[in-house]
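Structure, as structure tokens:
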Amino acid sequence: MAEEFNAEQRRYLEGFAAGIGAARMTGGLASGPAAAPAAEPTGPDAIHIKAQDATVKAGGKLVDQEKWKRAESPFDGHNRLKAEAAQGKAPKPEDNFRWRYHGMFWVAPNQVSYMCRLRIPNGVLHHWQFAGVADLADAHGGGYVHVTTRANLQVREITPEHAQPFLDGLADIGLGAQGAGADNIRNVTGSPTAGIDGQEILDTRPLAKSWNNWIINDRSLYGLPRKFNVAFDGGGVMPVLEETNDVGFQAVEVLEGASVAPGVWMRLVLGGISGHRDLARDTGVVLKPEECNQVADAIIRVFIENGDRTNRNKARMKYVLDAWGFDKYLAAVEEKLGRKLERVDPAHIAPRKATNRYSHVGVHPQKQEGLNWVGVVLPVGKMLSDEVRALAKIAQECGDGQIRLTVWQNFIFSGVPDAKVAEVEERVVALGLSIKAEGIRAGLVACTGARGCKFAASDTKGHAMLIAEHVERTVTELDVPVNVHLTGCHHSCAQHYIGDIGLIGAKVVVSEEGDTVEGYDIVVGGGFAETPKIGTEIWKAVKAEDAPLRVEALLRTYLAGRQGKDETFQ
Ligand code: SF4
């Protein structure tokens, strides 16, 4: 194991072995006078240490991130991180990784500052929290806020001295960011219309909140082999894209005659990771809603023990599932639980009621008579702080005071009485925004891109706006909303593979000397909910300046060839 650590890491480890954290060490290093005798690791990090040791024992070489976790836990190191940030120091790569456990991402060279990603279970915020995030963005960040594709908020341009004050400010308004980055369980998504949707089978808010509390209070669930996503779908009209998550819980109605009692159950789907061209698949397992935390916990512990810690590209849970198959994985989960999971023949599950792809935009009646939700279009998810405060005021004065973020990079007002709907639209339009589900802006999704992410091959948000402007000018006959997703790299934060049209950033070679410009590979025909599908690549290496014309061509081909307005790109 000795050759797995550099000199600095060995100093940390020898400190632990000498007493600082001996209980958490496997016991001693391969050399050095202070090496302690082997001891079984204990405590919350033990499950990870054992998995690392097993990897090394099997001849594997741990990736740097695994060494960093082991050399100094991001939680044990938090005081040091804070002290160095307070002095204005930029983090070293290993400390950038550690800061991500606290929700802070150092995003140089694109921006020489931190981006903070929050945790907002089920994406639901009070109006005062929404306005509070805007105030924090003014006080400590760049004065603007982004809605992400995990129904979450991000604030950028936070300089090192402001990193901890920003996090302290989040705590003041009842929000947090712990575990929002690095190899942790990310923001927990749930149906945005939970509790207000006449079609839903189950309100996902208590489940999402309970699972969020379960993980943020258990240190052993931090430091997985790779990041991990969990989503809850309540069966309502608005999709939550649980099929793109590692674990998805779908509310279903089990019918009479099944092997379990009829009623509401949660169907377990596993292994979604759209960037690796895979959507979560049905395991056949159903759970009672109150079992979700315990089962998700066991699934994750099997992943912790068996995930790949030697290759970041193969470290997601999907790869354990690919190697083992569902039967073996579920048997390991059952062994952890000490009991069998219930399975139900799909023939005894009522079909899911149809989703409405554009229920996140416009006015929709709630199940509470006389009340509505109103979805606002936020092109590529960006809002200035003043806009956020004005929108929070609308929620307070015209709705039930809540803001519900969606995975479509926008949000809905809920609890808006019929008599207030016109006022909401008027005030939204006065801010230069819209509630209309027309053209491509309502379905336009773009990741951070080259303006703020070092992985990006292209300026996704900028190009998304150019595409929208071009199409609105040239394809005026477009009469259905279309999903266009732009993602900057293979991490697929904007899930380009499930868009009607998807663009993934690519450097395009434009000279014999190898000069490159920003561009995209383009896929079409992706889908989700009732029509899940990974899109098919049709063009490679299209220059970004040509992307608007290519999207125009695709839309014209679709309009000319479709049988009717209901026909999708698929
Ligand atoms: Fe960055 Fe890639 Fe994610 Fe876009 S998809 S935000 S470029 S990591």
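Each residue of the sequence shown is one higher than the one before, starting from 3 at the first, in this note's numbering. Note that CB positions come from ideal geometry on N, CA and C, so glycine has one too.
| Check | Outcome |
| --- | --- |
| Could you compute how far the alpha carbon of A452 sits from the alpha carbon of G105? | 20 Å |
| Would you mind working out which of S193, D517, Q497 and R269 sits nearest V254, comparing C-alpha positions? | R269 |
| For the region 176-193 and the region 90-97, state whether three or more C-beta atom pairs, one from each stretch, are separated by less than 8 Å. | no |
| Would you mind listing the alpha helix (DSSP H) stretches within the region 299-351 that are 4+ residues and don't spill past its ends, in chain order? | 319-326 and 328-339 |
| In the structure shown, what three-state DSSP assignment does T450 receive? | coil |
| Measure the alpha-carbon distance for M27 versus K290 and round it to whole angstroms. | Low confidence applies to M27: its pLDDT is 36, below 50, so where it sits in the model is not reliable enough to give any reading. |
| What's the gap between the Cα of D661 and the Cα of L223? | In this structure the chain extends from 3 to 572, so residue 661 is not present and cannot be described. |
| CB V232 to CB V271, shorter than 7 Å? | no |
| Run the proximity test for C118: is its beta-carbon closer than 6 Å to any non-hydrogen atom belonging to the ligand SF4? | no |
| For the ligand SF4, which residues count as neighbours when the test is a C-beta closer than 5 Å to any heavy atom? | C449, T450, C455, F457, A458, T489, G490, C491, H493 and C495 |
| Return yes when the Cβ of R354 is within less than 7 Å of the Cβ of V287, no when it is not. | no |
| Buried or exposed for L31, please, with buried defined as at least 16 other CB atoms from any protein chain shown within 10 angstroms of its CB. | The predicted position of L31 is uncertain, since its pLDDT is 35 and thus under 50; a value taken from the coordinates is nonetheless stated next. When all chains shown are included, L31 counts as buried. |
| Quick test of your reading: G125 and T408, contact by CB under 8 Å. State the CB separation rounded to the nearest angstrom. | 7 Å |
| What are the residues that DSSP puts in a beta bridge with E520? | K509 |
| Taking the straight line between their C-alpha atoms, what separation do you get for L204 and T538? | 34 Å |
| What residues in its chain sit with their C-beta under 6 Å from that of L561, if we drop five residues either side in the sequence? | none |
| Taking DSSP as the reference, what is the three-state secondary structure of M467? | helix |
| Using a 10 Å radius around the Cβ and a threshold of 16 neighbouring Cβ atoms, would you call N412 buried or exposed? | buried |
| Please tell me whether A549 and V510 are closer than 7 Å, where the distance is taken between their beta carbons. | no |
| For the alpha helix (DSSP H) that contains A543, what are its first and last residues? | Where A543 is concerned, there is no enclosing alpha helix (DSSP H), although the beta strand (DSSP E) it sits in stretches over T538 to K545. |
| Could you tell me the alpha carbon to alpha carbon distance between K52 and A136, rounded to whole angstroms? | 43 Å |
| Considering just the uninterrupted stretch of the alpha helix (DSSP H) at N98, what are its terminal residues? | P95 to R102 |
| Excluding the 5 residues flanking N358 on each side, which residues of the same chain have their C-beta closer than 6 Å to its C-beta? | V239 |
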